[in-house]
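In what follows, a structure is listed as structure tokens, so that the remarks can point back to it.
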């Protein structure tokens, strides 16, 4: 390694030489974290309470920051070790807890290079390569969606000249930007004069993500402006009910302006019927936004692409490759069918930053969002996309689908030990575990429970999870379905094997039976 | 290095062994980028047009993404080399172009570790250490502001138990959250029912950042709801004019609800008088938000702390340590004097994520924002804060102030070669360069120019900048001041020496004289 010359001042307690040592140490530990595969028998997490963490850090260097802290490298290195030791290992093959898992090491490395180069996506001047990469990744997404009339083959220059959308630090932000675009199309003056007294309304399914409601509050429309449309039996929006709800809203004198389709609901992975929704939104002149934060990965496999049938008819689409595709946090693309609307909606033409007399100013992206500087997330996505190829993306999705199908089969064949609690067409599997005493085959349903049994079963899920966390054996999410806690397994990490999945089901049953026995003793 | 076991599938064109090689290569180049000091004679940037970049990448692997791309490691490594070669080197000692520069290598390393551990700040469960670190950094900021009644010395547990605010992916987002908190305090029902027909108004100085206007548009209030208050001669808000403007707004039947104080304006680095503003906002019951994205670093030096006098009287404060303090993009803290308002304003209690029956759920931070998952930016800030200590932060600010003072002296003693165009009390220096033919001493002002001279001088700044970029000698920003382009030097990078600064002034004069001669020939 070259000698680091961090010149100028010895900053605080650190000399240049000490900085070099510390940075090298952290870099080595970060690389090790990425390249060292954890096996099923390694802990997913070493659980500690806030008090225990605080006391462990007190042995090294307190978590609290004190005005006259003076911490040497040996201490800081111990702190780094403790940070790694006490963090959740999201690439572990028994980690099924979130809708992200198994970061692709190439994405991590791309993120590192972006941090090292430390610039912002706002102007071409400051991010020449990353500006073109952002246009390339968003442009390719738009092609896959059918938003763009041309392909890179027929017009190779196009995606590098004009953007088909923009990247954002997270799906909630991108979903909110899409709703702002929708309001702007319906009421262009609202950018200048505000929404005023009109009741603008948004439609989303009962199972849609909470970011729509949060966005409506921030947008000054209020959470009441989000009209929840009932789900059908498959967990997707009942589109006939949407049609009725929009007409009812109009009849109340409100102004419906946007519908949010969910492509991959958070809990069950349901995909709203985009083609059917597009008919309704066209009839009523609503903007049709697709929240595909979770489900966008379905674009890449023939096994799942049909879930997004009709997407070319929609107005905007948000995909988080940091979810199923294994990019690191955060990586979000907003594609817009008419991307010039981004300028019209968000531009403020600040003259200190977006000087028109500057070189290549027409490529500046920063004025096509309400944000200013953005991290160069395009770099890690471009590198990963190039390195894996779309063949690699397909393989990742298909592997996840294989595992999800395996669990669905295991459930169907479990004779009531596990019961499917939601239809599954994607990488989510939502199911109930039942103690031996309550099993009645695959057609079991919660109405068979007495109130006491229901209460006891509801309380068992958090206990099973706590056991997993305490023993570090696995991490699995749960959530109430009709008021009764059910488990959710999510597949996306290529490191997960069928053995890992089977062992996790065994753990749920094992812990579950023990915890149920304790609970049942009190019934 | 250990053998990488990226198990499971060979993803696309990459085998596990190839992935290991590629990741190691990128990691080594990223580390080299951080530790290798660039000297003044190295290029700050190797300028290339979009066409040139595209053609260079076409020699390696096209920027465009193609469905059947299959790119080998040798090619990807060449692409990485090209990315680094064609990026702007923001840690270079002649880079003065933005309000960020000179990333601290420890912050970069902290960012790397965060990427490697790839989790989100939303729940304690998924980010136990980082949740406590976020509380610690925001808590210490709140102490420095005087928001918190207790200190860590007297109540060491406190900052680890409850949050004094939240971190955000950028200043624009945090400023918008502060305005939403302000609206919520004035009209709690607006979260549910929207703003309605009321005309809510916001007050900010003429030189405030454009994010206030952009936020007002997104918030559904409209850009017209932002009432720009005139600056006084020192570039700070005229507080008497604020008082009049608020009363005028009330007299028009509007509902003033927030004032935005700017601590460190983008162009001149002016700090609004917080104490005087607080008197006005208290009288009229307005939320007083401080946009200290740029100026928050002033907290750490006795030479600049007075610029934030009265900050303890304000309601919210946003600081971007990724600016002057050298953290990597993005690193933003929002501190709130009454932080429990974050819950009341933003919570939606999504039951799949924020299960109340989960361990330590009371520490979950994700429901105190409209965002969902957030990158663990707290880690890099905590590590840097611990490693440098506040002594180190003070040294960074003082070094920047020394350089800014040096340029201010150089300007004053330049006999009209450079003319100060704005008062300077922070790390910004805004000045006009004049060709020999136009110099008339330090009292020169633009009214002395003929229309032709004015036009020619205005056009010289972009040409000087283009020369710098083309030759890679330095990067300096410019912006129109009263319609005439002026230069802005910004100091914060500890690598910058007085020699770098003097050489940059020499370059401006040298290029300027040449470009002026070319322009003057056409007069």
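Residue numbers (the working numbering), protein chains in the order written: chain A, 88 to 610; chain B, 88 to 610.
Note that the Cβ used here is the ideal one computed from N, Cα and C, for glycine as well.
These numbers were taken from a predicted model, which means no experiment stands behind them.
Taking residue 187 of chain A as reference, the option from A:212, A:564 and A:570 with the minimal CA-CA separation is A:564. Listed in chain order, the non-local C-beta contacts of residue 331 of chain B below 8 Å within the same chain number zero, local neighbours out to five positions each way being set aside. Between the region 303-314 of chain A and the region 262-280 of chain A, the count of C-beta pairs closer than 8 Å reaches three or more; the two stretches touch. Listed in chain order, the alpha helix (DSSP H) runs fully inside the region 199-270 of chain B are 215-232 and 245-248, counting runs of at least 4 residues. Counting the other Cβ atoms within 10 Å of the Cβ of residue 500 of chain A gives fewer than 16, which makes it exposed. Residue pairing by DSSP places residue 129 of chain A opposite no residue, since no beta bridge is assigned to it. Residues of chain B whose Cβ lies closer than 7 Å to the Cβ of residue 193 of chain A are, in chain order, 106, 109 and 110.
At a cut-off of 8 Å between beta carbons, residue 307 of chain A contacts chain B. The C-beta of residue 515 of chain B comes no closer than 8 Å to any C-beta of chain A. Contact annotation for residue 171 of chain A against chain B: 200 and 204 [CB-CB distance below 8 Å, chain order]. For residue 361 of chain A, the uninterrupted alpha helix (DSSP H) segment begins and ends at 361-371. Using a CB distance below 8 Å, the part of the region 454-479 of chain A facing chain B consists of 457, 458, 459, 460, 461, 462, 463, 466, 469, 470, 472, 473, 474, 475, 476, 477, 478 and 479, ordered along the chain. In this structure residue 364 of chain A is not in contact with residue 394 of chain A, their Cβ atoms being roughly 13 Å apart against a cut-off of 8 Å. Taking 8 Å as the cut-off, the Cβ atoms of residue 361 of chain B and residue 398 of chain B count as close. Taking a Cβ-Cβ threshold of 7 Å, none of the residues of chain A is close to residue 588 of chain B; the smallest such distance is about 12 Å. Scanning its chain for C-beta atoms nearer than 8 Å, with the 5 sequence neighbours on each side dropped, one finds around residue 169 of chain B the residues 143, 144 and 147, in chain order. Residue 428 of chain B and residue 452 of chain B have their C-alpha atoms roughly 13 Å apart. In this structure, B:504 is the residue among B:504, B:511, B:221 and B:517 with its C-alpha nearest to the C-alpha of residue 597 of chain B. In this structure, DSSP gives residue 575 of chain A an extended state, which the three-state scheme calls strand.
Against chain A, the beta carbon of residue 297 of chain B has neighbours under 7 Å at 435 and 437, listed in chain order.
Taking 8 Å as the cut-off between beta carbons, the residues of the region 306-334 of chain A near chain B are 306, 307, 308, 309, 310, 311 and 312, in sequence order. Judged by DSSP in its simplified three-state form, residue 160 of chain A adopts helix.
Per DSSP, residue 564 of chain A is one residue of the beta strand (DSSP E) stretching across 562-568. Fewer than three beta-carbon pairs drawn from the region 478-492 of chain A and the region 219-239 of chain A are found closer than 8 Å, and the two stretches are therefore not classed as touching. Uninterrupted alpha helix (DSSP H) stretches at least 4 residues long and entirely within the region 270-353 of chain B occur at 277-280, 298-305 and 326-338, given in chain order. In this model, residue 483 of chain A and residue 381 of chain B are separated by some 42 Å (Cα to Cα).
Fully enclosed beta strand (DSSP E) runs of no fewer than 3 residues occupy 505-507 and 515-520 of the region 472-533 of chain A, in order along the chain. Between residue 513 of chain B and residue 383 of chain B, the CB-CB gap reaches or exceeds 8 Å. Where residue 424 of chain A is concerned, there is no enclosing beta strand (DSSP E), because DSSP gives it neither an H nor an E. Residues 132, 134 and 562 of the same chain have their beta carbon placed closer than 7 Å to that of residue 556 of chain B, with the five preceding and five following residues left out of the count. DSSP, read as helix, strand or coil, puts residue 404 of chain A in strand.
The residue from B:153, B:372, B:378 and B:353 with its alpha-carbon nearest to that of residue 264 of chain B is B:378. A contact is defined here as three or more CB-CB pairs under 8 Å, and the region 108-127 of chain A fails this definition with respect to the region 535-552 of chain A.
Within chain B, the C-beta atoms nearer than 8 Å to that of residue 223 of chain A come from 150, 151 and 152, in chain order.
Rounded to the nearest angstrom, the gap between the Cα atoms of residue 185 of chain A and residue 473 of chain B is 31 Å. If you look at residue 375 of chain B, you'll find it in the beta strand (DSSP E) that goes 374-378.
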